[in-house]
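One line per chain: the protein sequences are A and B, in this order.
-14 is the number of the first residue of the first sequence in the working numbering; add one for each residue after it.
43 is the number of the first residue of the second sequence in the working numbering; add one for each residue after it.
Beta carbons: idealized from backbone N, C-alpha and C, even for Gly.
Remember, it's a predicted structure, so these values are computed and weren't measured experimentally.
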Amino acid sequence: MIQLFNVTKRYSSDSLALKDLTLQIDKGEFVYVTGASGAGKTTFLRLLYAAEKPTRGQILIDNKNISRFRSHQIPFLRRKIGVVFQDFKLLQSRTVYENVAFALEAQGKKRYEVSKKVYQALKEVGLEHRLQRRPVELSGGEQQRIAIARALVVDPLILLADEPSGNLDQEVTLDIMELFKRANARGTTVLLATHDHSLHRRFPRRVLTLDKGKLIGDQQP
Amino acid sequence: MLERIRYFIVRALRNMRQWPLLCTASILTMAVALATVATFFLVVVNIEQLAERWTNEIQVIAYLQDVPKQQDLPGLIKELKNYPEVEQVTYVSQAKAMKRFSERLGNDADLLEGVRSDLLPASFELGLKPEFRTTDGIAGVLEKLESSLAVEDLRYGQEWLDRFNNFIGMLRFVGALLGAFLLLAALFIVSNTIKLTLYARRDELEIMALVGATMRFIKVPFLLEGAIQGFIGGVISLLFLSVFFTLVVSRYLGTFWLTPADFNLVFLTLWQQFGLVLAGVVLGALGSFSSLRRFVKI
Ligand SMILES: Nc1ncnc2c1ncn2[C@@H]1O[C@H](COP(=O)(O)OP(=O)(O)OP(=O)(O)O)[C@@H](O)[C@H]1O
Ligand SMILES: [Mg+2]
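Here it is in structure tokens:
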């Protein structure tokens, strides 16, 4: 599903974010990406949804070499990938419903299809009673769940989540992990970037460890 | 397809409702720019129209040394009419010249009593075809006249015409220059106003790209919004102009200008009105387009 060959990412001549990464992630896997702050976790995810281009090396997703993609091909890659951003990236001026519908509309889905799927996705994360609220009126955990609903509503092949437990308490974090596990059980490949070791102690899965841009560990549970 | 178009329009309209201030600013900017350009256009058109009236009166008058014999007249007139430049030939006999003169004198006409009616020379008045009412056209006529008739004196508005031609040429040049400058300035202002609206919505643009929207999908509603705003701006400028024109210009200015009594100031033709609104649409879409290139990246 995801293959990296000698991938290096340099933002500028003196900042090396990722160094010579080679790895493979199969379809349906659940993988933690860990490492200290600045280790390159976010950069790694950004390379996968083509927000950055690798400085060197090749990245294959679903057997397509995305490092060679032209800008008009990128949207179609992103439609296969749901992303939960570290800062959620919700539209404050839109309702909960509109925020989730946004992802489907952006892909040109029909209206009746959109409303059905949005309702299902919000029900899945337990927010179907908050359709007309705006994100500011909701708690951090609820906002996080909207972001997850928006990532999952498109039935992605791959789910990328950057620090999903960032500043949430234990209980909420468990709820959210449950959502990821359910998506994974339905066949979505899940990559979860975090520096929270308690997560993989509780739900042991494959762990990729980055340090200063280098892959220093790849452990199966 | 229809569903898609509907979605684009809905999104464009919702965006406009969401940022009413910026939207109003764009519309008014375009309305002012378009109204200014159109006003200038009207000034030029009206001066040209007025000028055309003056050139109607351009004619060449050939005062004859000898009065032509009555039987030669039709031949002469025919010959003159054959000049390519000439539209119309009027023979003014000595008696007729006298009569005109005395009419001009009005109450003082009795001064002429006892004056011989052959005091004034007979003449041909040549009206020229519109395309020859120029320096070159007149020169052509003069040349032919001098070689074929015994002419005592020639009158024509040569010097005046030269100055007039220069004036019209200058007016067109300045008009085109100023018009181009105004439109460019309008485009610049519009694209900057739209940049502001895009800047206010940069999150939305970013997220759209991140969830897999194509460039076209992101851009079309903004282009549409620009076009709609341009359309409204165009209509406002047109309304403003026509109200201003009927209430102020044609009523007051028209009566005391140096205009002939039957001269009417012209307003934009229907096609030009349509063109003005269309210019608004193009201006709005172009303004959006140029700023979108900066803001939307995938
Ligand atoms: N846009 C950028 N321009 C320049 N350097 C960058 C940029 N983004 C990240 N970096 C650098 O790349 C390195 C890796 O950053 P990255 O954001 O991937 O780390 P991270 O593991 O996600 O850290 P954190 O846990 O704090 O989120 C850091 O040294 C960072 O300073
Ligand atoms: Mg990070």
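query: Against Ser78/A, what residues of chain B qualify as contacts under a CB-to-CB distance less than 7 angstroms, listed in chain order?; result: Gln60
query: Which residues does DSSP list as the beta-bridge partners of Thr(-7)/A?; result: Arg41/A
query: Can you list, in chain order, the residues of the segment 44 to 75 of chain A whose Cβ is nearer than 9 angstroms to any Cβ on chain B?; result: Ser56, His57, Ile59, Pro60, Phe61, Leu62, Arg63, Arg64, Lys65, Ile66, Gly67, Val68, Phe70, Lys74 and Leu75
query: Note down, in chain order, each residue of its chain lying with its Cβ closer than 8 angstroms to the Cβ of Pro189/A, except the 5 sequence neighbours on either side.; result: Pro206
query: If you draw a straight line from the C-alpha of Val121/A to the C-alpha of Ala136/A, how long is it?; result: 19 angstroms
query: Is Ala136/A a contact residue of ligand 1, with contact defined as CB to any heavy atom under 6 angstroms?; result: no
query: Assign Asp47/A to one of three DSSP states: helix, strand, or coil.; result: coil
query: Got a sec: which bits of the segment 267 to 290 of chain B sit with their beta carbon under 7 angstroms from any beta carbon on chain A, in order along the chain?; result: none
query: Could you name the residues that DSSP lists as bridge partners for Arg191/A?; result: Val16/A
query: Exposed or buried, which one is His182/A when buried takes at least 16 other CB atoms within 10 Å?; result: exposed
query: Given a limit of 8 angstroms on CB to CB distance, which residues of the segment 43 to 56 of chain B reach chain A?; result: Glu45, Arg46 and Tyr49
query: Can the beta-carbon of Val16/A be found less than 7 angstroms from the beta-carbon of Leu176/A?; result: yes
query: Can you have a look at Pro126/B and say buried or exposed, based on whether 16 or more other CB atoms are within 10 angstroms of its CB?; result: exposed
query: Less than 7 angstroms between the beta carbons of Val134/B and Lys123/B, yes or no?; result: no
query: So is Ala255/B in contact with chain A if we call contact Cβ pairs under 7 angstroms?; result: yes
query: With a threshold of 7 angstroms between beta-carbons, can Gln92/A be considered close to chain B, or not?; result: yes
query: Determine the burial state of Tyr82/A: buried for a count of at least 16 other Cβ atoms within 10 Å of its Cβ, exposed for fewer.; result: buried
query: Measure from the C-beta of Ala88/A to each C-beta in chain B and report whether the shortest distance is under 7 angstroms.; result: yes
query: For Gly275/B versus Gly322/B, is the C-beta spacing smaller than 7 angstroms?; result: yes
query: Under the three-state reduction of DSSP, which class applies to Glu127/B: helix, strand or coil?; result: coil
query: Going along the chain, which unbroken runs of the alpha helix (DSSP H) with 4 or more residues stay wholly within the segment 172 to 220 of chain B?; result: 177 to 190
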